[in-house]
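Peer 1:
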Amino acid sequence: MSKYLLTLLAFVLFSCSSSSSDDEIFEIIDSDLSGLDFINVIDETDKVNYFKYMYMYIGGGLAVADFDNDGLEDVFMVSNSNESKLYRNLGDLKFEDVTSLAGIKKRAGFDVGAAVADINNDGWLDIYITRGGWIDENDGFANMLFINNGIAEGESFVTFTEQAKMYGLDDANRGVAATFFDYDRDGDLDVYLSNTPDFEDKSTNVIDLEKVATDPKTLALKGSDKLYNNNGKGFFNDVSLSAGIKADIGFGLSPQVGDLNGDSWPDIYVCNDFRVPDFVYINQQDGTFKDSRNETIKHMSFNSMGADIGDINNDGDLDIMTLDMNPEDHVRAKTTMGMTSQHLFELMVKKDYHHQYMHNMLHLNNGNGTFSEIANMAGVANTDWSWSCLFADYDLDGFNDIYVTNGVFRDVIDRDINNEILQELRRRGRKPTGEDFLEFTKKLPQQKLTNYIYKNNGDLTFKDVSTSWVKESAAFSNGAAYADLDNDGDLELIVSNLNDKMTLLKNLSIENNKGNYVKFKLKGSETNKWGIGATVKLYLKNGQILTRQLVTTRGFLSAVSQVLHFGLAKDAVVERGEVVWSDGKVQELGEIEVNAVTEVKYNPSGVFLLAENTSPMVFKEELSVPFVHKETLFDDFKMQTLAPQRFSQEGPALAVADINKDGIDDFYIGGAANQPGELYLGKRDGGYLLLDQPEFVSDRESEDTDAAFFDVDNDADLDLIVLTGSSELEGGSFANLPRLYMNDGKGSYYRDYDRLPKISGLCTTVKVIDFENDGDKDLFIACRAIPGYYPLSPTHFLLINNGQYFDDMAYSIAPELNKIGMISDAEWVDFNKDGNIDLLLCGEFMGIEVFENNGSQLIRSNKYKSLQNTIGWWNELALDDIDNDGDIDIIAGNRGLNSNYKANTKTPFSVYHNDFDDNGVIDPIYSTFYKGKEVPVRGRVNIIQQIPSWGDRVRTFKEFAEHDMKSLLGSGYKSASKLSAVEFRSGIFKNEKGNYVFEPFIPALQTAPINSILFEDFDGDGQKDLLMAGNNYTYENETTRADAGNGYFLKGSENGTYSYIPNKTHGFWASNDVRALALLNTGSKSSVFVANNNKGTQVFCFK
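In mature numbering (1 follows the signal peptide of the UniProt record, and there is no 0), the protein residues as written are -21 to -1, 1 to 1082.
Take a look at the structure:
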């Protein structure tokens, strides 16, 4: 098991072994020195401009390959409208233009991407150019294939002959990119083409994708992706429809191939720009693919551009990065980015467009065929209008870093300029001419941008080293590729720019002794001589697995080197290596020489088998009860546009107890609105029996949020309290009242309408306690929020049981309770060890609050400053001796770090709130910090929807973007109330002799909110472990829903330290919108019950 564990001291942040610093890694080599002088020139005219062809600024790709087999990587650059260029590598980063010598000639049309493959298996690499544009005549769209003829006698370089039609590869759709791979594992190379139609659907009509796939008009648009099968005789046949590649209207920009589910068969991820969802084609191993986007990933980019597939955490599984267009710069973000209305977003989800958000995605492979998206936590979510991303180990520390190109030739989505153009069109009142379109085109602003490069920290996070690793000039960069151009062991970068010279970045890692490397040249089978599709894995002594798959189409429109490159930290020890060839056969590698190139010839010794985990799983999922929680979608945001989330999806409630005293736990699980809760009795055979409860059915209108069993009337049986609360129910509605059900002692529950006072609200937490020590059970009931009045503090209740009924005594016993905030959880415990039970609270924009019991009252304590001042969005508390030192520690679940919401003590995340326009509605306006300036989080459109009168005060997007919070709020700034959070990490407050010290969990446990916590010995070793789960699917649609959590398991040890264990190793998968975990004693074994919102329940047994 040790190879799969990342063992850590108790909750200390991971520290990778790399000694790499932020010193300069790359040096820019001037074209005068290198000879690489290519410029991709874009000319705008009245006949050719953005309004004539919206992909005018897509840029060109490039390819790096050893075309003349001299051991040096050459460079091919695609020009959109002019002559492409081929440069021969002379060594020492010197190149010469050999385009004319090679015989590569331009055909009229718009060339876009470059791919490389040995099409005819003669040992010489060929060039495939994808073509699109706006002129569909004289083979204007037909792709071109330049077959490498080798070096003829008397010649100094190879020559090429265009032969696409001969091979069946003259696809005449509007092409963008191509990737060669052996999808059917028959030994030869096939090809996938991403194409794009030429229209932009700006309507709010969400087209039925299934109807599109069967509509003959779809293919006529010449934008459907294509799959071509190699028949083994030198010809490629279009097998798209029979292989499951449906006709589509997706704007396919980047097809990426990789083994996404670990079965050794190549899958395809296709980035689609605009509204059409990305395709996730999983190889069915029978010559067909299935688009499994809904099963594989939980959300995706809206404007997916370039992408790459690689392993970012060295666990042997391939991860995915896709790019979007969201700027990091505040002003650019507020002036260029559009928004999807809540209604349109929900309609898209309903019509199977998936959950789409406008930022980069980093999909982390969970090892079970699913991915968790972590770009916000990783720090790579926002890189402006980005085109290419490339995973590679640029600093030789053993971890893949990321290079991103960005910059669009004109800001075609500048909101203000587009509004001006529309107004001018209306004013002229005629059909625009070519001259008009050119005029409008030149109105669109231009701003060159600097490319990004991120250093992998080794802990699922990245550091932006764009300005420290390289002094790259701003440009309009598109295609990019990496290769070891000088054969010194580190990777150079080559970048194509619009209307600027291409960029060559020399890597200095070897010169600066950063680390080591290993390179592999693969010699494949007779029908796949370059070994395309093979995967090489290096198994390190520290348990890490370094993985590279030989697929050369990567990033955007471009092809990287055919030589596989691994960086190695100086102290890394390679224990063994293996190759899984594209036909599924496995070959063990012998001794691997470091800082050298190893040639591997095809000589497999076995067949790939799915790796079996020989260690027993801690958890095993069992059949659960048939109950499925079913929400009716309610638009909370009509009440408050700027509310952060829905408050109509707080359930289901869950309560566990042995109600029939047979030694086996039973449970109540609450329903959503118009769905009755259900009561289940545990059976000795491990199953559960549903008990018919007519009163539950009668109360089905309520939305259950929490519940607890307790003996109300001291008759020795367990009664049931059920909380209800939802923004879809009116505050005073009968359905919004807590419900008390009395146990008749015979297995039936009836509602008692008299014992509880008529309290209502969005009640979500109930805790039972005998506060007065009189033998009667009392209740603390907390409320989450006030629907429509967020973030005002709701009323909370302390119900004292006098034997006949309950009185709300909160105002007299705990007078400070009702302004404390939006409570998410509460715990009763003798916190100060004085013999009285105290009350601990947490919530949104709250610290951990302690109300000490002085014998008659609960007094808010100010003694625990570290708890009180660590203000976050706390969801859950668990109290126990976590480090075995004899005192109480606090495990606290927070929002996590995988969000665009960022907070710390220097730059808190805040909400200003007031009724700014005097219309009776509270207006909450979030703020964050950018370059020392406090600025609004939400955009102009959202804020004006909430406060319409501000539309006249902030007329343009540029004006809005220039406001800080003080100027935006104007006269309302001083009168506004403000709440601030400084900590979003989950972690442990460790008790150090009465002083609570916060120790955050490692990033692997910050990928989602933690909503539920269990502390128990799950693996049977005598030491308690931590099991946690969460997620939150209720956020407004401009904030990416929190869905990356799969449940977190920390294995305990004798010395109070814990090890994080991946889900694929322990077997617990709580990947839904988890509301609660509970332990169930089933007599012969123990189980964990998982209550999910809007989903079925789960049960996992453990040792």
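All C-beta atoms, glycine included, are put in the ideal place defined by N, C-alpha and C.
Because the structure is a prediction, the values reported are computed rather than measured.
How many Å lie between Leu369 and Pro605 at the Cα?
Peer 2: Answer to the nearest angstrom: the Cα atoms are 45 Å apart.
Peer 1: Report yes if the C-beta distance between Lys1043 and Asp1004 is below 7 Å; otherwise report no.
Peer 2: Not a contact, by the Cβ cut-off of 7 Å.
Peer 1: Taking the beta strand (DSSP E) that His309 falls in, what are its first and last residues?
Peer 2: First-last for His309: 309 to 315, but that is the alpha helix (DSSP H), not the beta strand (DSSP E).
Peer 1: Thr(-15): buried (16+ other C-beta within 10 angstroms of its C-beta) or exposed?
Peer 2: Annotation note: pLDDT 35 at Thr(-15) (below 50); position unreliable, no value reported.
Peer 1: Please state whether DSSP places Ala81 in a helix, a strand or coil.
Peer 2: Three-state result, Ala81: helix.
Peer 1: Between the segment 563 to 580 and the segment 289 to 298, can you find at least three pairs of beta-carbon atoms closer than 8 Å?
Peer 2: The answer is no - the segment 563 to 580 does not touch the segment 289 to 298, with fewer than three Cβ pairs under 8 Å.
Peer 1: Go to Leu519, then tell me how far its beta strand (DSSP E) extends in each direction, as first and last residue.
Peer 2: From DSSP, the beta strand (DSSP E) with Leu519 extends over 514 to 519.
Peer 1: Three-state secondary structure (DSSP) at Val387?
Peer 2: Val387: coil per DSSP, three-state reduction.
Peer 1: In the DSSP assignment, what are the bridge partners of Glu962?
Peer 2: Its beta-bridge partners do not exist; DSSP assigns none.
Peer 1: Mind reading off the beta-carbon distance from residue 1111 to Leu41? Whole number of angstroms is fine, and I expect it under 8 Å.
Peer 2: In the structure as shown, the chain begins at -21 and stops at 1082. Residue 1111 is therefore absent and cannot be evaluated.
Peer 1: Under a three-way DSSP split, which group does Val1078 fall into?
Peer 2: The answer is strand: DSSP assigns Val1078 an E or B state.
Peer 1: According to DSSP, what are the bridge partners of Gly111?
Peer 2: Gly111 is bridged to Phe89.
Peer 1: Ignore the nearest five residues each way along the sequence and tell me which others in Phe689's own chain have a CB closer than 6 Å to its CB.
Peer 2: Contacts found: Val747, Lys756.
Peer 1: Kindly indicate which residue of Asn1051, Asp1052, Ser1066 has the alpha-carbon position closest to the one of Ile1058.
Peer 2: According to the sequence shown, residue 1058 is Leu rather than Ile. The option with the nearest alpha carbon to Leu1058 is Ser1066.
Peer 1: Which whole runs of the alpha helix (DSSP H) in the segment 620 to 704 are 4 residues long or more, in chain order?
Peer 2: Segments of the alpha helix (DSSP H) lying fully in the segment 620 to 704: 673 to 677.
Peer 1: Distance, Cα to Cα, Lys73 vs Asn184?
Peer 2: Roughly 54 Å separates the two Cα atoms.
Peer 1: I need the boundaries of the beta strand (DSSP E) containing Thr577, first residue and last residue.
Peer 2: Element bounds for Thr577: 576 to 580.
Peer 1: Which word fits Phe214, buried or exposed, when buried means at least 16 other C-beta atoms lie within 10 angstroms of its C-beta?
Peer 2: The residue in question, Phe214, is exposed, as its Cβ has fewer than 16 Cβ neighbours within 10 Å.
Peer 1: What's the call for Ala714, buried or exposed, on a 16-neighbour Cβ count within 10 Å?
Peer 2: Flag for Ala714 reads buried.
Peer 1: Taking one C-beta from the segment 509 to 517 and one from the segment 552 to 571 each time, how about it: are there three or more such pairs within less than 8 Å?
Peer 2: These segments touch.
Peer 1: Which first and last residues belong to the beta strand (DSSP E) in which Val444 is found?
Peer 2: Here Val444 belongs to no beta strand (DSSP E), and DSSP marks it neither H nor E.
Peer 1: Whose C-alpha, out of Lys725, Asn990, Lys410, is nearest the C-alpha of Ala857?
Peer 2: Ala857 has its Cα closest to that of Asn990, out of Lys725, Asn990, Lys410.
Peer 1: Out of Gly1075, Val808, Arg718, Gly1024, point me to the one whose CA is closest to residue 1083's CA.
Peer 2: Outside the shown range of the chain, which is -21 to 1082, sits residue 1083, and nothing can be said about it.
Peer 1: Are the segment 852 to 871 and the segment 808 to 824 touching by the rule of at least three beta carbon pairs closer than 8 Å?
Peer 2: Touching, yes, given that three or more Cβ pairs across the two stretches are closer than 8 Å.
Peer 1: Give the range of the alpha helix (DSSP H) segment to which Phe936 is assigned.
Peer 2: Run containing Phe936: 936 to 941, per the alpha helix (DSSP H) assignment.
Peer 1: In three-state DSSP terms, what is Thr532?
Peer 2: Strand.
Peer 1: With distance defined between alpha-carbon atoms, name the residue in Asp868, Phe750, Gln783, Val542 nearest to Asp731.
Peer 2: Closest by alpha carbon: Gln783.
Peer 1: List the endpoints of the continuous alpha helix (DSSP H) containing Arg919.
Peer 2: Looking at the DSSP string, the run of the alpha helix (DSSP H) that includes Arg919 is 919 to 925.
Peer 1: Among the candidates Tyr34, Val808, Ser58, Gly899, whose CA atom is the shortest distance from the CA of Asp866?
Peer 2: It is Val808.
Peer 1: As a quick exercise: from Ser79, Asn117, Asn339, Gly202, pick the residue whose alpha carbon is nearest that of Ser878.
Peer 2: Among Ser79, Asn117, Asn339, Gly202, the Cα nearest to that of Ser878 is on Asn339.
Peer 1: Can you list, in chain order, the residues of its chain with a C-beta nearer than 6 Å to that of Arg389? Leave out the 5 residues immediately preceding and following it.
Peer 2: Around Arg389: Leu423, Gln425.
Peer 1: Under the assumption that Leu483 contacts Leu15 (Cβ atoms under 8 Å), give the Cβ distance between them as a whole number of angstroms.
Peer 2: Leu483 to Leu15, Cβ: 5 Å. Contact.
Peer 1: My understanding is that Ala371 touches Ala44, with C-beta atoms under 8 Å, so please give their C-beta distance in whole angstroms.
Peer 2: Between Ala44 and Ala371 the Cβ distance is about 16 Å, and since that is not below 8 Å, they are no contact.
Peer 1: Tell whether a beta-carbon distance below 7 Å holds between Arg394 and Thr506.
Peer 2: No; because the gap between Cβ atoms is not below 7 Å, this pair is not in contact.
Peer 1: Kindly indicate the opening and closing residues of the beta strand (DSSP E) around Glu610.
Peer 2: Per DSSP, Glu610 belongs to no beta strand (DSSP E) and is neither H nor E.
Peer 1: May I have the straight-line CA-CA distance separating Lys640 from Arg663, to the nearest angstrom?
Peer 2: Their Cα atoms are separated by approximately 13 Å.
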